[in-house]
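Counting from 3, one number per residue, gives the positions in the sequence shown under our numbering.
Here a beta-carbon is modelled for each residue, glycine too, at the ideal position from N, C-alpha and C.
Notes follow once the structure below has been shown.
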Amino acid sequence: MEKIVVNGGNPLRGEVEVSGFKNAALPIIYACALVKDKCILENIPAISDITYSFEILRGIGAKIKMLDKTTYEVDCTYIKPCISDYELVRKIRGSYYLLGAEFGRFGHAKVGLPGGCNFGVRPIDQHIKGFEALGGNAVTEGGYVEITSEDGAKGSNIYFDVSSVGATLNIMIAASVADGDTVIENAAREPHIVDCANFLNSCGARITGAGSDVIKIKGVKNLHGCTYAIIPDMIEAGSFMVAAAATRGSILITNVIPKHLESVSAKLEEMGVKVEEYDDSVRVSAENITLKRTNVKTLPYPGFPTDMHPQMTALLCTVDGTSYINESIYENRFRYVEELKRMGAKIKVDGRIVVIEGGTRLSAAPVMATDLRAGIAIVIAALTAKGKTEISEIDKIERGYDDITTKLRNLGADIKKIVLPDPNGLQIAN
Ligand code: EPU
């Protein structure tokens with residue numbers, strides 16, 4: 003068992019580099035399954051969701067080589083559409099992109115239902131609606147989704163009932179090699195949609211409109227390999243921004259696209275935090291500033307990201323007054339609240355609204371990461387708290403944060419990962 007131990011109270015100072023974006027890298031890795039050639043992927047983060055995804059692709063015959071710490075060669079020339087390891091597939095959400103990739107390439111896909119963070123019901127009905135529009139016959143049975151079409155994916159018009167990142171990507175991946183043209187309406191507009199479209203276009207796909215709510219795809223017969231660098235992780239960057247504000251520190255965050263951070267920057271500035279944008283970095287300072295309370299509503303991009311909600315709660319606990327967060331994407335992204343309450347936070351959940359009575363310093367307690375972003379929110383809370391907080395279930399944090407303890411320690415945090423190998427004692431991991 004591993005834990006993160008944080009001795010709170012140090013303001014973050016210095017410089018930190020953001021890794022590649024998990025939620026862009028995942029669809030791009032699975033989209034490699036469309037390509038009968040080698041793709042070189044750069045700026046891949048060292049996180050477990052990526053390790054599992056490479057294992058899943060290897061399981062269907064892909065050859066994957068690590069070229070350096072963040073660069074991989076992915077060769078899917080000889081993959082076969084066999085059933086992937088059910089337990090592996092259900093560990094992560096992004097594994098559902100294998101449906102789009104295998105259906106596009108072979109006209110047949112059978113993949114276990116995905117896992118990922120538990121936010122209540124997370125249906126995939128829009129993915130299924132899209133695959134059916136592309137001519138697939140979809141059956142969900144025994145924990146698997148199977149999509150079949152005798153003559154392969156056919157271009158079509160699809161209108162999504164909700165803005166879904168996953169459904170937009172899955173259908174875009176399959177449609178890029180479908181027979182004919184596809185139009186996706188009410189498409190999600192997140193930067194990772196644009197990144198995946200750019201990757202596919204670099205392989206010879208013909209996709210326009212990614213980043214808007216109408217994406218047009220002219221199906222092509224074959225894709226070729228390319229070298230492609232994944233965009234920086236806007237949620238990792240946002241998490242560092244909020245951590246700097248919560249600890250009243252001052253940090254420079256490098257390898258970012260400031261445009262992707264606008265909703266977070268605007269909210270922090272509204273609270274009184276100083277945010278300076280440069281070409282590919284942002285400086286966030288809250289030293290000696292009395293921050294103001296605020297309200298947040300999570301929305302699809304370019305609105306405030308749901309994946310920054312728990313971190314904002316941790317920050318608002320440090321600010322005098324009552325703040326409100328309205329979670330409009332997920333029905334139940336609130337399990338972290340009980341953990342913050344163990345640290346003395348005064349928070350209530352009323353329907354989809356989190357009510358935070360801020361201004362009382364939190365104190366250390368044994369807590370756990372209930373999911374990925376909940377986990378980083380608890381780390382942020384622990385950085386501000388009095389005493390030594392022990393956080394368990396940290397594998398959930400490592401699903402999406404590349405070497406978080408080292409990055410925070412280099413910013414002056416008193417943080418370490420400990421391994422409990424046997425009942426005889428503690429061992430420091432990194
Ligand atoms: N939805 C449906 N039907 C569908 C698909 C989605 O009703 O077929 C609903 C969902 O229940 C949710 C909303 O639509 O209420 C948005 O879901 P979306 O499909 O956009 O989410 P996702 O693709 O499952 C990705 C990220 C999440 C992030 C969301 C929203 C990946 C692997 N996951 O999930 O990231 O919260 O988009 O931006 O890209 C995270 O990184 O911590 C994380 C949870």
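Where residue i sits in the DSSP three-state scheme
i      : result
Thr184 : strand
His129 : helix
Ser151 : coil
His110 : strand
Tyr88  : helix
Cys34  : helix
Ser158 : coil
Met236 : helix
Gly360 : strand
Met14  : Strictly speaking, residue 14 in this sequence is Leu, with Met absent from that position. Coil.
Glu4   : strand
Ser97  : helix
Ser423 : In the sequence as presented, Ser is not what sits at residue 423; that position holds Pro. Correct three-state label for Pro423: strand.
Ala245 : helix
Arg60  : helix
Leu263 : helix
Gly118 : coil
Pro47  : coil
Tyr326 : strand
Leu28  : helix
Gly102 : helix
Ser21  : coil
Element boundaries [alpha helix (DSSP H), containing residue i]
i      : result
Val167 : 167-177
Asn203 : 193-204
Glu395 : Unbroken run through Glu395: none, as it is neither H nor E.
Leu410 : 406-412
Val381 : 374-386
Thr292 : Element bounds for Thr292: n/a, residue is neither H nor E.
Pro312 : 311-318
Extent of the continuous beta strand (DSSP E) to which residue i belongs
i      : result
Ile331 : Segment: none, Ile331 is in no beta strand (DSSP E) and carries neither H nor E.
Lys276 : 276-279
Tyr74  : 73-77
Lys67  : 65-70
Lys218 : 216-220
Val339 : Unbroken run through Val339 is the alpha helix (DSSP H), 337-344; no beta strand (DSSP E).
Met273 : Taken as a continuous stretch (DSSP letters only), Met273 belongs to no beta strand (DSSP E), as it is neither H nor E.
Tyr303 : Neither: Tyr303 is in no beta strand (DSSP E) and is coded neither H nor E.
Val298 : 297-299
Tyr80  : Run containing Tyr80: none; DSSP gives neither H nor E here.
Arg285 : 283-287
Glu231 : It should be noted that the sequence gives Ala, not Glu, for residue 231. Element bounds for Ala231: 229-231.
Asn139 : 139-143
Leu254 : 252-256
Lys348 : 348-352
Inter-residue Cα distance where the pair is residue i and residue j
i      : j      : result
Ile417 : Asn257 : 23 Å
Ile219 : Arg107 : 16 Å
Phe242 : Gly109 : 42 Å
Lys38  : Val222 : 13 Å
Val356 : Lys343 : 12 Å
Leu293 : Arg363 : 14 Å
Ser267 : Val275 : 9 Å
Glu264 : Glu278 : 11 Å
Ser165 : Pro302 : 7 Å
Met434 : Tyr32  : With the chain running from 3 to 432 in the structure shown, residue 434 is simply not present.
Val421 : Glu187 : 48 Å
Ala231 : Glu359 : 42 Å
Ala239 : Asp309 : 12 Å
Leu317 : Lys350 : 15 Å
Gly168 : Leu270 : 28 Å
Met345 : Pro368 : 8 Å
Thr296 : Lys93  : 35 Å
Ser86  : Phe56  : 12 Å
Ser204 : Lys40  : 13 Å
Ala415 : Ala371 : 19 Å
Ile399 : Asn12  : 21 Å
Asp127 : Lys5   : 37 Å
Lys299 : Gly63  : 43 Å
Met3   : Gly157 : 49 Å
Residue i at chain C interface by Cβ criterion, 9 Å
i      : result
Lys388 : The displayed structure is made up of one protein chain only, and chain C is not part of it.
Review point. How about the region 373-389 and the region 335-348: do they share at least three Cβ pairs that are nearer than 8 Å?
Key: Between the region 373-389 and the region 335-348 there are three or more inter-stretch CB-CB distances shorter than 8 Å, so the stretches are counted as touching.
Point to revise | Given 8 Å, three or more beta-carbon pairs between the region 74-81 and the region 118-127 | key: Between the region 74-81 and the region 118-127, the count of C-beta pairs closer than 8 Å stays below three; the two stretches do not touch.
Review point. Are at least three pairs of beta-carbons, each pair with one atom in the region 28-45 and one in the region 63-74, less than 8 Å apart?
Key: The region 28-45 makes contact with the region 63-74, as at least three CB pairs between them are under 8 Å.
Practice item. May I ask you to verify whether the region 127-136 touches the region 382-390, counting CB pairs closer than 8 Å and requiring at least 3? Key: The answer is no - the region 382-390 does not touch the region 127-136, with fewer than three Cβ pairs under 8 Å.
Practice item. Would you check if there are 3 or more beta carbon pairs closer than 8 Å linking the region 199-219 to the region 234-251? Key: Cβ pair count under 8 Å is below three, so no.
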